[in-house]
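As numbered in my numbering, the sequence shown has no gaps in its residue numbers, which increase by one up to the final residue, 872.
Notes follow the structure.
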Amino acid sequence: MEVRCLEQRQDSDRVRDTIEVLIPGDNATLVTSFRTTTGRLRTAFVRSPLVSILPPRQPHSLQAQHPGQILVLSLDAAYCEQQARSALGLQTLELAARYAVPDPFIREVGNALHGDRRSGRPPGSAYLQSLAGVIAIHLARHYTSVAPVPTVCGGLPLHKLNRVQAFVTEHLGEAIRVEQLAAEAHLSPYHFARMFKQATGQPPHLYVLMKRIERAKELLAESELPLIDVAARVGFRTQGHFTGVFHRYTGATPRIYRLNARAPRPS
């Protein structure tokens, strides 16, 4: 595994043979542009605590504020497939691109590597080799094209997890309390919160918040709804609160995100 910092402020028409994990530092913002399978150009804003997972040979472009604060982990695709086959029994490793996703484990890895870089103690090759194996298995478990069944010991059973996730999706425009989610799983709030985090890697409140942000992105890019209506549909009482939270997690205001998502780009 190679670890480096993103050096260019703008890098267009990127296609890499390796799997890349992009980890912005606390004060960095990364803008990734890519085309969907239908050919539509989309833009993702990546800022802590989000990361980007890019499969090999995935065309995209990057634009970065403070590029030196964005870590790039490059992993050999054949090595990752070998690790996935050995540890998980997967015959092939087909990662699904996730351009802006919360991943507590990858964030912890990034924070540690950022700290090593700031202290002038670059990690040795043996350490990076062992870390690459762990990351490869993590990516195979969580980012394959077909989502794996959660297998974390002590986490929510799949049928309960599905019920809770469906409840969140159906009630995004409302206030959602952990007590309501716990009731869907027939658990106490304390035990539900612990088991939900084990199953998803996120505490319930952060999961709900990121679902609100994801839905807001869709509405901003694909509808003509006024910002105040977008805010209401994803559960924010005021446009000001919505704008502040959206900016914190995407690096852009809702208005700027909408303009960027719809702006024509050179082919």
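Glycine is no exception: its CB is placed at the ideal position from the N, C-alpha and C atoms.
Being a predicted model, the structure only gives us computed values, none of them experimental.
Selected residue, minimal CA-CA separation from residue 659, among 674, 645, 819 and 640: As a first step, residue 659 must be located in the sequence shown, where it is residue number 54. Cα-wise, what sits closest to residue 659 is 640.
Residue-level contact to chain C via CB, residue 665, 8 Å cutoff: In the structure shown, chain C cannot be found, because there is only a single protein chain.
Where residue 755 sits in the DSSP three-state scheme: Here the question's residue 755 lines up with position 150 in the sequence shown. Only weak support is given to the placement of residue 755: the predicted model assigns it a pLDDT of 41, under 50, and the question is left unresolved by the model.
Buried or exposed by the 16-neighbour rule on C-beta atoms within 10 Å, applied to residue 819: Start at 1 with the first residue of the sequence shown, and residue 819 comes out as number 214. The residue is exposed, with fewer than 16 neighbouring Cβ atoms inside 10 Å.
Rounded separation between residue 731 and residue 711 - CA only: Mapped onto the sequence shown, residue 731 falls at position 126. Mapped onto the sequence shown, residue 711 falls at position 106. In a straight line, the C-alpha of residue 731 is about 19 Å away from that of residue 711.
Proximal residues to residue 860 (C-beta, below 7 Å), its chain only, five neighbours per side dropped: As a working note, residue 860 is residue 255 in the sequence shown. Result list for residue 860: 832, in chain order.
For residue 658, the three-state DSSP class (helix, strand or coil): In the sequence shown, counting from the first residue as 1, residue 658 sits at position 53. The answer is strand: DSSP assigns residue 658 an E or B state.
Beta strand (DSSP E) segment containing residue 675, residue limits: Along the sequence shown, read from residue 1 onward, the residue named residue 675 stands at position 70. 675-680 is the span of the beta strand (DSSP E), which, as asked, contains residue 675.
Alpha carbon of residue 825 to alpha carbon of residue 705, nearest angstrom: On the sequence shown, position 220 is the one that residue 825 refers to. On the sequence shown, position 100 is the one that residue 705 refers to. Those two C-alpha atoms are separated by around 16 Å.
Per-residue DSSP class, three states only, for residue 809: Locating residue 809 in the sequence shown gives position 204, counting from the first residue. Residue 809: helix per DSSP, three-state reduction.
Minimum C-alpha distance to residue 676 - residue among 632, 682, 729 and 804: Working through the sequence shown from its first residue, we reach residue 676 at position 71. The residue with the shortest Cα to Cα distance from residue 676 is 632.
For residue 795 and residue 769, the rounded distance between their alpha carbons: Counting from one through the sequence shown, the residue named residue 769 turns up at place 164. Counting from one through the sequence shown, the residue named residue 795 turns up at place 190. Taking the straight line from one Cα to the other gives about 15 Å.
For residue 851, the nearest candidate out of 867, 828 and 823 (CA to CA): On the sequence shown, position 246 is the one that residue 851 refers to. Among 867, 828 and 823, the Cα nearest to that of residue 851 is on 823.
Runs of alpha helix (DSSP H) wholly within the stretch 700-734 (minimum 4 residues, chain order): 709-723
Enclosing alpha helix (DSSP H) for residue 789 [first to last residue]: Along the sequence shown, one-based indexing puts residue 789 at 184. Where residue 789 is concerned, the enclosing alpha helix (DSSP H) stretches over 783-790.
Distance CB(residue 549)-CB(residue 668) smaller than 8 Å: No answer is possible for residue 549: it lies beyond the span of the chain, which begins at 606 and ends at 872.
Within 8 Å, strictly: CB atoms of residue 622 and residue 664: On the sequence shown, position 17 is the one that residue 622 refers to. On the sequence shown, position 59 is the one that residue 664 refers to. Cβ distance not < 8 Å, so residue 622 and residue 664 don't count as in contact.
Classification of residue 708 by the beta-carbon crowding that lies within 10 angstroms, buried from 16 upward: If you number the sequence shown from 1, residue 708 lands on position 103. Under this definition residue 708 is a buried residue.
Neighbourhood of residue 611 by C-beta, 8 Å cutoff - its chain only, sequence neighbours within 5 removed: Mapped onto the sequence shown, residue 611 falls at position 6. Counting only Cβ-Cβ distances below 8 Å, and skipping sequence neighbours, we find 627, 635, 667, 669, 672, 673, 675, 676 and 677.
Given residue 777 as reference, the closest of 624, 651 and 821 once Cα atoms are compared: Against the sequence shown, residue 777 aligns to sequence position 172. It is 821 whose Cα lies nearest to the Cα of residue 777.
CA nearest to the CA of residue 654, picked from 867, 864 and 854: One-based indexing of the sequence shown puts residue 654 at position 49. Taking only the C-alpha atoms, the option nearest residue 654 is 854.
CA nearest to the CA of residue 781, picked from 828, 746, 842 and 615: By 1-based counting over the sequence shown, the position of residue 781 is 176. Measuring from the Cα of residue 781, the nearest candidate turns out to be 842.
C-alpha gap between residue 786 and residue 797, whole angstroms: Here the question's residue 786 lines up with position 181 in the sequence shown. Here the question's residue 797 lines up with position 192 in the sequence shown. In a straight line, the C-alpha of residue 786 is about 8 Å away from that of residue 797.
Per-residue burial, residue 688 [other beta carbons within 10 Å of its own, 16 or more giving buried]: Position 83 of the sequence shown, counted from the first residue, corresponds to residue 688. Burial call: buried.
Endpoints, beta strand (DSSP E) assigned at residue 652: Along the sequence shown, read from residue 1 onward, the residue named residue 652 stands at position 47. Start and end: 646-652.
N-terminal and C-terminal residue of the alpha helix (DSSP H) that residue 772 is part of: The residue labelled residue 772 in the question sits at position 167 within the sequence shown. Note, residue 772: alpha helix (DSSP H), 763-775.
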